[in-house]
Structures are given as structure tokens and as C-alpha cells.
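Worksheet: the structure to be examined is printed underneath.
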Amino acid sequence: MSVIGGYIKAGDMMEARVLFEAMPMKDLAVWNVMISGYVDVEDLVASVYLLEAMPFHEVGTWNVILSGFCKARDLESAKNCFNKMPCKNVASWTMMVDGYVKSGDLNEARLMFDEMPEKNLISWTTMIGGYAKNGQPRCTLELFEQLKEQGIKPDVTLIIGIISACSHLGILDVAESIINEYIGPSLYSNLHVITSLIDMYAKCGSIEKALKVFHTTLGKDLLCYSTMIAAFANYGLGHEAISLFHDMQRENVKPDGVIFIGVLSACNHGGLVEEGRRFFKQMIEKYDVQPTEKHYACMVDLFGRAGCLQEAHNLITTMPMAPSTVVWGALLAACSVHHNVELAEVAAAELFKIEPDNSGNYILLSNIYASAGRWHDVSNARSMIRSQRVRKNRGSSWIELGAVVHEFVMADDSHMDADDIYCILDFLTEDMKLSYI
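The working numbering puts the sequence shown at residues 468 to 904.
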């Protein structure tokens, strides 16, 4: 069997198969080695053929096939394989949950998770992490509460996901209660946890605590610096972000493309045009980091905010990739601020091609026309919205009360206390009307 394993490691499945077929007696181990080999080279047809040819089956063998289908994002075949399994264990169920999570089908993942006859920490981490990574922080925290009720102690990966969910919702008190309960001295030496804490404190409005965690961290890595610089950028603290970037350079930590996005964003929010130009040039010439669309978007926004609209447009025309809505949207927004109708029309025309059903672009162009007194063009822009049946973006908001997050959208009646909420809103509306009499 070791010879077969050697051929498989070398990627020579043909020779491995010849030796396998020549064996007069095959035990479970050699069947599993061959099937795993085919799964590793993504030859799932051959792996299923061997599975069906096996004189005996074991759950581990089925799981190997199942993992292959899940990794290939072939969830239909994975589900068929899962349904055929005569015996399933926790790993089998968790693979299916993970497969649906990674394909973005969280509803199916949750149905599978809820049907599991038995769950372990990996199962919980897979589902909770799926919610966290797919931008569903409320579901993340709700499921975490269920995990706590089961008396299961979370691991580092799960804690990082929960901290991330708290940061997205801006609920600092919940985050700190989790930190106090689960993060001991050993985890404070984990740079992934440290980075999550810095990000969480910054997003929850406590830049001072974020900076305190950063300064008390030993052996800071690139991600740690990048997170703190991004936090400074979001707070408009451009000079602090640049100073920290220089500190990082003195520590001989080599910057990458991600950290330059943070630095350029800091220049953007701080209105530091010359510094932004210098860092953009340094990124390419000194560190050989090729700018991505995000870097170009930062520069276009920087130039746009400073009123350098022509320079922003010139930069767009030099981009090696096709500009997306982010880039053209930044230029259109800048044209709105600085009342440049000509470039606004250029940016809007490109946006209409890319996302013709986004009402925001039509409305912004209409407002630019209105500020210039071009009422006929205002009417035309509004007519385009009606004639093309452009969708209007539906906003949402949430509020935290008693560690419970309540989310609302326009004309929402799904909340359990909707009648009482609307009653109070009606009262407040009438009260505000009276105050203007």
C-alpha cells in the first residue's frame, strides 16, 4: 500500500490504479487511499466508481467522497451522496453545512444544521462563522446565545467571528462581556484575536481602546498595523495613520496592497492630497505593489473631494482594468459637491451602462442638473427613472435594546411589537406637527 501511496503523492494516479487492480486482496485502508487520491485530484467520477465497487462501506469512506463534492461546490451531487449514506456521523452533517455556507446558501445550511441529531464545536463554528462571514451579525449572535445555552465553550475561531459580529452592529457592551468571559491571557497573545479587538473597538466608537490594545501588543504583524491604520482612516485621523505607517516602516514590516488602501483612505478622509499622491507613487515604485481598483477608487475619491475633478478623470482613463461603479460613483459624487455638470454626465453615462436599474445614479444626476438650473434635464432624468422602471434602494436600520438587536426596513410590519411601534410613531408625528403651530 505504501507504494500506491507514493504514486498518489506524486500525482500518478494511473500507476497507482494499476497496482491497486493487481492486488489480490484489498483491505479497507487501500480502498480509502485510492478513493482519497481521486478526490484530491478532483476526479470524483472515478472516486464514486470505486466506492460503488467496494465490497464493504464505512462512514469515513463516504465522508471522503462527500468532502470532494463539497469542495467542488457540486452541492446537488453532495446532497445525493449524503442521502445515500447508510450511516452518517457529525462530520458528515458538518460537511454539508459547510458546503452550503461556502456556496452562500445560508438558508439551506441552517436547515441542515437544525436537523443535525448531534452537534459538536466544529458544527457550531461552521454555522456561526458562516453567518459572520456573510454579513449577518444578528444571526451570528442569536446562534451564539444558543451555543452558550448548550454549555459549549467557544474556541478562538468562533470568538473572532463573534467579535466581528459585534463590531458590525456596534454593540460594545455585548462585545466586552464576551471578552471578559472568554478571552484570557493566552488569547491576548493571539494576534488574530488582538486584530479583531482593535477592529471591534474602532467600529464601536472607541478609538482610544483600540489604540490601547494596539500599543500593548508585542510582535505586531502587518495585519495588526493595517487594522489600526484603517481605524485611523475611518476616524479621519490622516496624520496619525501616516505616522503609524512610518513607524511600521522603521520596524521593517513590509507593506502590502491592503495596507496601502488604508493609508490612501486616511489621506482621503484627511484631505491630504499631496501625501496621497506621494504614497500612491511610492507603492508602485518603491514596493512594487501594483494598484488594484480599490487603490484607484481611493485616489479618485481623494482628488474628487479636493476639487481636482479633471485629475480624477484623467486617472480613471489610465486604469488598466475597467472602472466599476465604485470609481465612477466617486467621481459623480464629487461632481455633485463641486457642481461640475460636464464630468457628471460622463460619470453618470458610465454608471447607467453598468447598473441601469440603480435609482441613486439618476437621482444624483438630477440633483446636479437642478443645482445648475437645468430644469429640462432634471425632468429628463426623472423620466428615465419612470420609463425604465428603475428600482429604489430599500434602506434599513437597527437599534440595540437590552442586548437585543431590532432591525427595521421601510414600511416594516414584521416586528412582534409593530402595532405599538407605529402607535408611538403616530403620536410623535402629531406632537412634532403641533410644535410648528
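For each residue, glycine too, the CB sits at the ideal point set by N, CA and C.
First and last residue of the alpha helix (DSSP H) that includes residue i?
i      : result
Ala837 : Ser826 to Ser838
Gln603 : Taken as a continuous stretch (DSSP letters only), Gln603 belongs to no alpha helix (DSSP H), as it is neither H nor E.
Ala733 : Gly724 to Gly737
Cys775 : Note, Cys775: premise wrong, no alpha helix (DSSP H); not H, not E.
Thr785 : From DSSP, Thr785 is part of no alpha helix (DSSP H); its letter is neither H nor E.
Val813 : Val808 to Ile821
Asp640 : Leu639 to Tyr649
His524 : Here His524 belongs to no alpha helix (DSSP H), and DSSP marks it neither H nor E.
Asn574 : Leu573 to Glu582
Gln617 : Gln617 -> no alpha helix (DSSP H), and no H or E assigned at all.
Asn556 : Counting along the chain, Asn556 falls outside any alpha helix (DSSP H), and DSSP gives it neither H nor E.
Met750 : Val740 to Glu752
Asn550 : Leu542 to Lys551
Val680 : Ile674 to His682
Val720 : First-last for Val720: undefined, no H or E at that position.
Ser791 : Counting along the chain, Ser791 falls outside any alpha helix (DSSP H), and DSSP gives it neither H nor E.
Please report the straight-line C-alpha distance between residue i and residue j, rounded to a whole angstrom.
i      : j      : result
Asn556 : Asn499 : 17 Å
Leu610 : Ala764 : 37 Å
His736 : Phe580 : 43 Å
Gln613 : Met594 : 12 Å
Ala837 : Ala773 : 22 Å
His713 : Leu689 : 13 Å
Pro787 : Phe699 : 29 Å
Ile852 : Ala797 : 21 Å
Thr592 : Ile891 : 40 Å
Glu543 : Ala558 : 18 Å
Ile696 : Ser534 : 39 Å
Ala545 : Ala885 : 42 Å
Cys775 : Asn807 : 11 Å
Gly602 : Cys633 : 11 Å
Gly618 : Ile626 : 15 Å
Asn781 : Ser673 : 38 Å
Val453 : Cys554 : In this structure the chain extends from 468 to 904, so residue 453 is not present and cannot be described.
Pro758 : Gly504 : 39 Å
Asn574 : Lys600 : 14 Å
Ile502 : Val512 : 10 Å
Ala839 : Ala848 : 14 Å
Trp842 : Ser850 : 12 Å
Ser663 : Ala677 : 10 Å
Looking only at C-alpha atoms, which of the options sits nearest to residue i?
i      : options                           : result
Glu809 : Asp844, Lys820 and Pro790         : Asp844
Ser693 : Leu704, Ala669, Gly628 and Val730 : Val730
Asp723 : His736, Val740, Cys691 and Leu739 : Cys691
Tyr655 : Lys670, Val623 and Ala642         : Val623
Met492 : Ala815, Met521 and Asn719         : Met521
Ile630 : Lys670, Leu689 and Val725         : Lys670
Ile728 : Met715, Met563, Ile589 and Met750 : Met750
Met583 : Asp572, Gly566 and Thr561         : Thr561
Ala539 : Asn547, Ala599, Ala558 and Gly566 : Gly566
Glu648 : Lys620, Ala576 and Phe819         : Lys620
Glu525 : Glu509, Val497, Gly504 and Ser791 : Val497
Gly527 : Asp541, Ala513, Glu509 and Cys548 : Cys548
Glu760 : Gln777, Glu742 and Trp795         : Trp795
Asn657 : Glu817, Thr785, Thr684 and Tyr598 : Thr684
Gly637 : Gly840, Glu616 and Arg605         : Arg605
Val740 : Gly705, Met480 and Met715         : Gly705
Asp572 : Glu778, Asp541, His805 and Ser826 : Asp541
Ile709 : Glu718, Leu639, Phe746 and Val720 : Phe746
For the putative contact between residue i and residue j, defined by C-beta atoms under 8 Å, what is the C-beta separation to the nearest angstrom?
i      : j      : result
Leu799 : Leu831 : 6 Å
Val767 : Ile783 : 6 Å
Tyr668 : Val680 : 7 Å
Val564 : Ser590 : 7 Å
Ala815 : Ser803 : Going by Cβ atoms, the distance from Ala815 to Ser803 rounds to 10 Å, so no, they are not a contact pair.
Gly651 : Gly628 : Not a contact, Cβ separation roughly 18 Å.
Using the Cβ count rule (16 or more neighbours within 10 Å means buried), how would you classify residue i?
i      : result
Gly686 : exposed
Glu752 : exposed
Glu707 : buried
Lys586 : buried
Val641 : buried
Gly738 : exposed
Ser846 : exposed
Asp824 : exposed
Ala870 : At Ala870, the pLDDT of 45 sits below 50, so the modelled position is not reliable and the matter cannot be decided from this model.
His682 : exposed
Asn828 : buried
Val506 : buried
Asp755 : exposed
Ala576 : buried
Thr607 : buried
Ser732 : buried
Asp423 : For residue 423 there is no data in the structure shown, the boundaries of the chain being 468 and 904.
Met490 : exposed
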